[in-house]
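*Asks:* Here's a structure for you.
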Amino acid sequence: MTATCVVDCRNTLGEGCVWDPRDGRLYWTDIAESRIYRLDADGAVTVFPLPERAGFILPRSRPGFVMGLASRIAICDPAFQVFETVALIEEDLPQTRVNDAAVDPFGGVVFGTFDERGRKPVAALYRCSPEGAISQLLSGVTISNAIAFSPGGDMMYFADTPEGTIRRFHIGSLSWENLTEVAPLAGPEVAAGRPDGAVVDAEGGYWNARVWGGCLVRIAPDGTVAETIGLPTKGPTCVTLGGRDGRTLYATTLRVMHTDDELRAAPFAGGLFAARVKVPGVPQRLATL
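In my numbering, the protein residues as written are 2 to 290.
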């Protein structure tokens with residue numbers, strides 16, 4: 002199966018796609034260009050400029066969104082005009098920025114950072130509670146990615162992209178004090194490329210964008226690859242499930258780190274892609290920040 006380009010937006014670094022169940026729209030970010038994109042049901046696309054780069058956008062239980070701006074976690078209004086800072090992140094590390102995230106089963110946001118300069122393990126994985134408190138979950142990270150939760154909410158997935166292993170953790174409790182790592186879901190060899198953004202479907206299948214591998218893979222809970230969807234570009238970055246029935250798999254892509262010849266061969270690089278799948282997604286959780 003191959004995904005189709007549905008928006009030829011040519012993002013420099015498309016990322017963070019998320020289905021908003023409140024209005025039936027898809028949102029994503031172009032990190033490099035500091036923009037948010039919105040896709041309506043009729044195919045209309047709206048672009049919103051941002052005050053700084055954004056690694057993620059997540060819907061709230063109230064109007065607006067939780068956003069991972071490069072230097073901070075913020076709440077913004079639906080028009081992306083007003084940004085209220087919840088917390089500054091890694092102020093002592095100017096080489097890092099906020100990257101991937103997912104809403105956890107308790108309405109908090111688990112997010113990670115990314116060392117943009119040296120690609121060294123100085124970044125980390127954090128949780129922002131519904132009250133806005135920041136706690137560190139993991140340290141020694143280079144590029145935080147692939148954050149997702151099992152349908153029942155008892156398991157968290159995470160990957161450090163250069164390392165390549167998709168790790169699993171039992172959450173334990175609302176306090177997150179008993180976070181326990183268990184056997185990984187899959188190693189770097191599970192598919193071509195490296196793990197980037199991810200989403201889990203209603204049967205526990207873990208969809209992962211394989212950056213530099215040009216594919217999206219569905220990994221079953223036992224770690225086997227159940228399905229592979231090809232893309233006509235090497236750089237898928239994030240996936241989400243949405244649409245009226247939850248069975249449309251969307252994927253963002255990038256144009257950076259391509260040669261001129263590669264871009265000529267992949268004219269839709271940086272576009273938004275979609276494919277129909279059999280198993281619907283878990284309804285998107287809403288952050289209660």
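Even glycine gets a Cβ: it sits at the ideal position worked out from N, Cα and C.
1) Can you pull the DSSP bridge partners for residue 239?
2) Could you tell me which of 122, 230, 69 sits nearest to residue 37, measuring between CA atoms?
3) I need the straight-line Cα distance from residue 229 to residue 218, nearest angstrom please.
4) Rank 211, 266, 158 by C-alpha distance to the C-alpha of residue 172 and give the top, closest one.
5) Could I get the ranges of all uninterrupted beta strand (DSSP E) runs contained in the stretch 66–127, with 3 residues as the minimum, in chain order?
6) I'd like to know whether the C-beta atoms of residue 186 and residue 215 end up nearer to each other than 8 Å.
7) Leaving out five residues before and five after residue 18 in sequence, what residues of the same chain have Cβ atoms less than 8 Å from its Cβ?
8) Does the separation of the CB atoms of residue 181 and residue 170 fall below 8 Å?
9) Have a look at residue 149 and residue 191 and give me their C-alpha separation to the nearest angstrom.
10) Taking CB distances under 8 Å as the criterion, tell me whether residue 126 reaches chain D.
11) Out of curiosity, what's the CA-to-CA distance linking residue 115 and residue 89?
12) Under 8 Å, do residue 280 and residue 203 count as touching if we go by C-beta distance?
13) So what does residue 196 bridge to, in DSSP terms?
14) Would the beta-carbon of residue 8 fall within 8 Å of that of residue 48?
15) Classify residue 211 as buried or exposed, calling it buried when 16 or more other Cβ atoms lie within 10 Å of its own Cβ.
16) How about residue 189 and residue 206: are their beta carbons less than 8 Å apart?
17) Taking the straight line between their C-alpha atoms, what separation do you get for residue 80 and residue 63?
18) Would you tell me roughly how many angstroms separate the C-alpha atoms of residue 127 and residue 15, rounded to the nearest one?
*Replies:* Let me lay it out:
1) Beta-bridge pairing links residue 239 to 253.
2) Residue 69 is the option with its Cα nearest to residue 37.
3) Distance between the alpha carbons of residue 229 and residue 218: 5 Å.
4) Looking from the CA of residue 172, the closest CA among 211, 266, 158 belongs to 158.
5) The stretch 66–127 contains, as complete beta strand (DSSP E) runs of 3+ residues, the segments 66–70, 73–77, 84–89, 97–104, 110–116 (chain order).
6) No, these two residues do not count as a Cβ contact at 8 Å.
7) Around residue 18: 27, 28, 29, 198, 239, 240, 241, 251, 252, 253, 273.
8) In this structure, residue 181 sits near residue 170, with a CB-CB distance shorter than 8 Å.
9) Rounded to whole angstroms, residue 149 and residue 191 show a C-alpha spacing of 18 Å.
10) In the structure shown, chain D cannot be found, because there is only a single protein chain.
11) If you draw a straight line from the Cα of residue 115 to the Cα of residue 89, it is about 15 Å long.
12) Less than 8 Å divides the Cβ of residue 280 from the Cβ of residue 203.
13) Answer is 211.
14) The Cβ-Cβ distance between residue 8 and residue 48 does not fall below 8 Å.
15) Answer is buried; the Cβ neighbour count reaches 16.
16) No, the pair does not count as a contact, with Cβ atoms beyond the cut-off.
17) Straight through space, the alpha carbons of residue 63 and residue 80 are spaced by roughly 14 Å.
18) C-alpha separation (whole angstroms): 22 Å.
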